[in-house]
Amino acid sequence: MSNLVFYILWLGAVANAITLPKSYDTVWTTQSNNSAGSMPVGAGDIGLNVWAEDGDVLFYIAQSGAFDENNSLLKLGRVRLTMDPNPFGTGCSFEQRLLLNDGYAEVKGDNNTVVKIWVDVNTSDIHIGIDNAANITLRAAMESWRTSGYQMVTNEQHAVPAIPLPYQYPDTVNFTSGGVLSFHHNYETPLFDFQAKEQGLVDPESYYDPMRNNTFGSFMYSPQLDDTSISYGKYLNTSYTAFTLSSSRPRSSFQLYIGTAQAQTTEIGAWQQNLINKTLQAADRTQASSLQWWHDFWDRSYIIINPDAPSTDSGFQVGKNYQYFRYLMGCNAKGQFPTRFNGGLFTFDPVLTDNTTAFTPDYRRWSGGTFTAQNQRLLYWPLLKSGDFDIMEQSFDFYGNISPNSRKLGQLYFGLDVGLTTEQLDNSGLPNVFEYNANTFQYNTTRSYLYPPGVDFNDYLSWLSDTANEFADMVVLAKSYGGVDIERWTPFVEYQLAYFDEFYRQRNGLSVDGELILYPASGAETYKLALNPSSTVAGLRAVIADILNFDAPLTKGNETYYNQYSARLPPTPLQPCPGSPNLICIAPAANFSFAENTEPTALYPIFPWGEYGLGQPTNLSFAYNAYFHDNQSASYHGDNGWRQDQIWWARMGLTDLAANNTAYRFADSTQYRFPVFKGPNYDWSPDINHYGSGAIGLQEMLLQTFAKNNTEIRLLPAWPTDWNGYFKLLAPEQTVVSANMTNGKVSDLCVEPEHRRDDVVYGQE
Ligand SMILES: *[C@@H]1O[C@H](CO)[C@@H](O)[C@H](O)[C@H]1NC(C)=O
Ligand SMILES: *[C@@H]1O[C@H](CO)[C@@H](O)[C@H](O)[C@H]1NC(C)=O
Ligand SMILES: *[C@@H]1O[C@H](CO)[C@@H](O)[C@H](O)[C@H]1NC(C)=O
Ligand SMILES: *[C@@H]1O[C@H](CO)[C@@H](O)[C@H](O)[C@H]1NC(C)=O
Ligand SMILES: *[C@@H]1O[C@H](CO)[C@@H](O)[C@H](O)[C@H]1NC(C)=O
Ligand SMILES: *[C@@H]1O[C@H](CO)[C@@H](O)[C@H](O)[C@H]1NC(C)=O
Ligand SMILES: *[C@@H]1O[C@H](CO)[C@@H](O)[C@H](O)[C@H]1NC(C)=O
Ligand SMILES: *[C@@H]1O[C@H](CO)[C@@H](O)[C@H](O)[C@H]1NC(C)=O
Ligand SMILES: *[C@@H]1O[C@H](CO)[C@@H](O)[C@H](O)[C@H]1NC(C)=O
Ligand SMILES: *[C@@H]1O[C@H](CO)[C@@H](O)[C@H](O)[C@H]1NC(C)=O
Ligand SMILES: *[C@@H]1O[C@H](CO)[C@@H](O)[C@H](O)[C@H]1NC(C)=O
Ligand SMILES: *[C@@H]1O[C@H](CO)[C@@H](O)[C@H](O)[C@H]1NC(C)=O
């Protein structure tokens, strides 16, 4: 923490604080049709979807860490505010506004009615203030759809009949202490118990399990609401019970507080009392510190494009919606768990995303508690240059916390003290319960020498353990970019890397050249039963180079070891381009048996690994050919979701292509009402990895820092001449770069510390 305080002070000294353009606010002058027309509000570890419908103001409450017995990420509930006489009735004036720079929302109606909704960044309490020039009565309902348990149906969770359909355990909801207390406690661990058996764990109680005794919920209270009542209703597909607080007489002003909490605890009574006490004291906490937090957050870094252009200008929308991506991440800045790629804390009723999923608001595709690393990483890579190290910590902690479990798995299956991770792992670090044995469940086939216990028996995920290498690299780079003290995460980094060295040496020995033989391995989910995938070898090479160059604090290996490890790594494979054999392409692997998914991992040496790209000594045409002249992977191109084409284009200096896709990605949504709610694409709505990938691409168009062992500072390598404005971004060696972009040129360049100005190069020189 002290590092962070230092960092903020140090950034503050560099430039005057900025205020986001007022034109970045989202303003609606009509009410919404349903929850898909909601806007995100949040802070701390809370996300709300706020909307007005048929004269009521509503919001969902989501909380980081609200994992139930089945590893679903449950909403805490839905709140409905109803007023009489209704300032939001038919024919009334209406405005709903997200004040982006201040991080809160207001809904305005007749008789100068203002409903102000904000979340306390330090305590995660939700504050609602209602002011009205006349006198009104208010009803505030906590609508719960989990007052009783039920048996889930097929497809409600990712499962097949081989796994018993999960039971949805109920919440406890009732009036107490003048308010509504609503909470969930995990008394049992059915998922973990099933997994432990399925995966042959020894001594399962010794494993870290964040679902064990997890307790989460809310307490809603208002000093002005003294009556209580219970009623029943149905919203879209879901029946609910409403626990309503109402005012016994009309008033012109109301304050409503909803305290939230989450902890792994067996002291449920004390936990409730703390939550109630905290909420009863919420009135004493003003918005000042939350406003200050958002102002400091915006000043850490920014990319502002054509700020005075009309809101339809595509450059304007890119700059604005890049800030909105940061906003979605900022709402969970203090969350214990990473923001999920498939909707984060802002999913809405699932039927509005996919009309075949008529489930409760707790549903999202790819689940709420299985972390798919290929997708998660895209949310966190851009936070290096944006300087959001406090937010990055949650994904470092995620891996740091599961690392002891990963080591137990390495020991259990292979007798090695290495960390064994996989692509789709639960928040316990165990492989997803279905994916681990998917081929058995689906095809009734059995494991063989190619698929030993410990490895996902699954055509997509088998042997895919290298995605955590990207988080390992982010840990090391956070030390360089932000001076972050990374000591508590380097065991994760080292045991993760050790798997590839120790496991493959044990299984295959070394080649006659003394190199590792990475087989069976996997190029993402695509190149299966592969030998030396380029995504793995370029990745290991980059992480090890960063460990050495940035002096990562080591506990398992030492400098000699990492130099030897690096020397054992095979070269990134090349091949005659499939379809154009007179050209040379980076190959996805030295060899592979079959292609399963559609990730062109021959391009991963460009991004994330930076082995190829502007300023690097490697032959950029091999990368270019792999994109444009490899007909095996030509159909693996794409422009949305987790696709990364525009990042590769930016790193190859292909300005027009990169700018076109970036403009497309960041264009205001036409699918949903809020400008950065798009999806589901490959995942779910709102599709946050769509914007994470977009943010990386935009940064790479503006500032590249990977070349020359992360020392080069390359400005405007792929920047269109009609995107004018200003930016501030971070670079390695705790460097802050700020400047203006004017007609494709940099002006007012400021580089701190000053000596780093020597590392600046421009364009594609
Ligand atoms: C509400 O739905 C109608 C009919 O589909 C549509 O025309 C209108 O644009 C929607 N309103 C909003 C605010 O999305
Ligand atoms: C506005 O206030 C007036 C006078 O106080 C009241 O009669 C009227 O019902 C109010 N209208 C709404 C929409 O709240
Ligand atoms: C609202 O009610 C208070 C008393 O409860 C009264 O003094 C005040 O005049 C009322 N205001 C309006 C605008 O009716
Ligand atoms: C809710 O609390 C009331 C008393 O306030 C009690 O009578 C009722 O049984 C409780 N309901 C449940 C479901 O616990
Ligand atoms: C806490 O979790 C353990 C392990 O699942 C369980 O045995 C125990 O009953 C739980 N305690 C409470 C109070 O839920
Ligand atoms: C909650 O507040 C009450 C009254 O102020 C106090 O007696 C009690 O000890 C507090 N409980 C906790 C858990 O803080
Ligand atoms: C469901 O969505 C699909 C694809 O978006 C569409 O073709 C279909 O008509 C929709 N079905 C219903 C019942 O709305
Ligand atoms: C799966 O295979 C086992 C053994 O090969 C066999 O006994 C069983 O009937 C098969 N089950 C199904 C559903 O085909
Ligand atoms: C980059 O770092 C690696 C590993 O420390 C080193 O072998 C290499 O020479 C460095 N390259 C440059 C250009 O400094
Ligand atoms: C450093 O690592 C090498 C290679 O693993 C090992 O042989 C050597 O003993 C280590 N040196 C120290 C001082 O631990
Ligand atoms: C620009 O991007 C859109 C969306 O991906 C695509 O349809 C279009 O072909 C692209 N245009 C050019 C010139 O690349
Ligand atoms: C840089 O941009 C800022 C903000 O628009 C502006 O105040 C300043 O004049 C610009 N400087 C130059 C040299 O264009």
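According to mature numbering (1 follows the signal peptide of the UniProt record, and there is no 0), the sequence shown holds residues -17 to -1, 1 to 748 in order. Here a beta-carbon is modelled for each residue, glycine too, at the ideal position from N, C-alpha and C. Values in this document were obtained by computation on a predicted structure and should not be read as measured data.
Please work out which residues of its chain come closer than 7 Å, Cβ to Cβ, to residue i, disregarding the five sequence neighbours upstream and downstream, and give them in chain order.
i	result
Gly(-6)	Reliability fails at Gly(-6), whose pLDDT of 43 lies under 50, so the model's placement of it is uncertain and the value that follows must be treated cautiously. If we look at Gly(-6) and ignore the five residues flanking it on each side, it has no Cβ neighbours.
Asp705	Gly298
Tyr87	Val24, Lys99, Ile100, Trp101
Glu542	Leu531
Tyr307	Pro658, Val659
Glu181	Val416, Tyr419, Asn420
Pro387	Tyr191
Asp8	Arg80, Leu81, Leu82, Leu83
residue 827	The structure shown does not extend to residue 827, since the chain spans only -17 to 748, so no value can be given for it.
Determine the closest residue to residue i out of the options, with distance taken between C-alpha atoms.
i	options	result
Pro333	Asn17, Val416, Leu83	Asn17
Ala244	Gln46, Asn565, Ser205	Gln46
Gly272	Met724, Thr106, Met312	The residue asked about is misnamed: residue 272 is Ser in this sequence, not Gly. Considering only alpha carbons, the answer is Thr106.
Asp28	Val40, Lys58, Gln14, Met22	Lys58
Gln682	Ile287, Val163, His167, Tyr204	Ile287
Asn565	Phe354, Asp613, Asp39, Tyr396	Asp613
Ala588	Asp85, Ser518, Lys217, Arg234	Checking the sequence, you will find Pro at residue 588 rather than Ala. Cα-wise, what sits closest to Pro588 is Ser518.
Met375	Leu433, Leu447, Leu460	Leu460
Gln747	Ser721, Leu501, Pro703	Pro703
His168	Gly183, Ser189, Glu126, Gly252	Gly252
Ala49	Gln255, Pro193, Ile569, Lys303	Pro193
Pro4	Gly38, Leu81, Thr322, Thr65	Leu81
Gly636	Ala701, Tyr610, Val720	Ala701
Ile213	Ser222, Thr227, Ile241	Thr227
residue 750	Asn643, Glu453, Ser431	The chain is shown only over -17 to 748; residue 750 falls outside these bounds and no answer can be derived.
Val720	Gln687, Gly318, Thr538	Gln687
Whole angstroms are fine: how far does the CA of residue j sit from the CA of residue i?
i	j	result
Gly497	Pro553	9 Å
Tyr(-11)	Val467	Any reading at Tyr(-11) must be qualified, since the residue scores a pLDDT of 44, below 50, and its modelled position is unreliable; the value itself is stated next. The straight-line gap from Cα to Cα measures roughly 9 Å.
Ala(-3)	Lys511	With a pLDDT of 49 at Ala(-3), under the threshold of 50, the predicted position of this residue should be treated as unreliable, though the coordinate-derived value follows. One C-alpha to the other measures close to 50 Å.
Ser165	His673	34 Å
Val(-13)	His738	Only weak support is given to the placement of Val(-13): the predicted model assigns it a pLDDT of 41, under 50, and the value that follows is read from those uncertain coordinates. The alpha-carbon atoms of Val(-13) and His738 are separated by roughly 24 Å.
Gly593	Pro435	33 Å
Met596	Ala455	Reading the sequence as shown, one finds Gly at residue 596 and not Met. Roughly 21 Å between the two C-alpha positions.
Ser616	Asn608	11 Å
Ala451	Gly624	20 Å
Ser668	Arg195	29 Å
Thr353	Phe320	12 Å
Glu89	Ile567	57 Å
Glu188	Gln255	26 Å
Thr269	Asn260	17 Å
Met(-17)	Pro474	Note that Met(-17) scores 37 on pLDDT, short of 50, meaning its location in the model is unreliable; the coordinates nonetheless yield the value given after this. Their backbone Cα atoms lie some 20 Å apart in a straight line.
So, does the CB of residue i fall closer than 7 Å to a CB anywhere in chain B?
i	result
Gln359	Looking at the structure shown, chain B is missing, and only one protein chain is on hand.
At a cut-off of 6 Å, would you count residue i as near ligand 5, judging by its Cβ distance to the nearest heavy atom?
i	result
Asp718	Checking the sequence, you will find Thr at residue 718 rather than Asp. No; taking the cut-off as 6 Å, the Cβ of Thr718 has no heavy atom of ligand 5 nearer than that.
Could you name the residues of the same chain whose beta carbon sits closer than 8 Å to that of residue i, not counting the 5 residues immediately before and after it, in chain order?
i	result
Arg551	Asp484, Leu493, Gly497, Glu498, Leu499
Asn220	Asp332, Val334, Ala341, Phe342, Thr343
Thr509	Pro571, Ala578, Glu579, Asn580, Thr581, Glu582, Pro583, Thr584, Tyr619
Pro559	Asn565, Leu566, Ile567, Cys568
Is residue i near ligand 10, going by C-beta to nearest heavy atom under 6 Å?
i	result
Asn541	yes
Is residue i near ligand 2, in the sense that its beta carbon is under 6 Å from a heavy atom of that ligand?
i	result
Pro68	yes
Cys75	yes
In chain order, what residues of the same chain have a beta carbon less than 6 Å from the beta carbon of residue i, not counting five sequence neighbours either side?
i	result
Ser235	Asn115, Asn118
Asn325	Arg347, Trp349, Asp666, Trp667
Thr336	Pro663, Ser668
Gly162	Phe202, Met203, Tyr204
Relative to ligand 11, is the shortest distance from any of its heavy atoms to the C-beta of residue i smaller than 6 Å?
i	result
Asp210	no
The stretch 674 to 683 touching the stretch 575 to 582, judged by at least three CB pairs closer than 8 Å: no
Cβ contact check for the stretch 636 to 651 and the stretch 710 to 724: 3 or more pairs under 8 Å: no
Cβ contact check for the stretch 714 to 724 and the stretch 685 to 699: 3 or more pairs under 8 Å: Because the criterion of three Cβ pairs below 8 Å is met, the stretch 714 to 724 and the stretch 685 to 699 touch.
Touch test, the stretch 34 to 42 against the stretch 306 to 325, Cβ-Cβ under 8 Å, three pairs minimum: no
Touch test, the stretch 52 to 68 against the stretch 123 to 140, Cβ-Cβ under 8 Å, three pairs minimum: yes
Given 8 Å, three or more beta-carbon pairs between the stretch 403 to 417 and the stretch 431 to 446: yes
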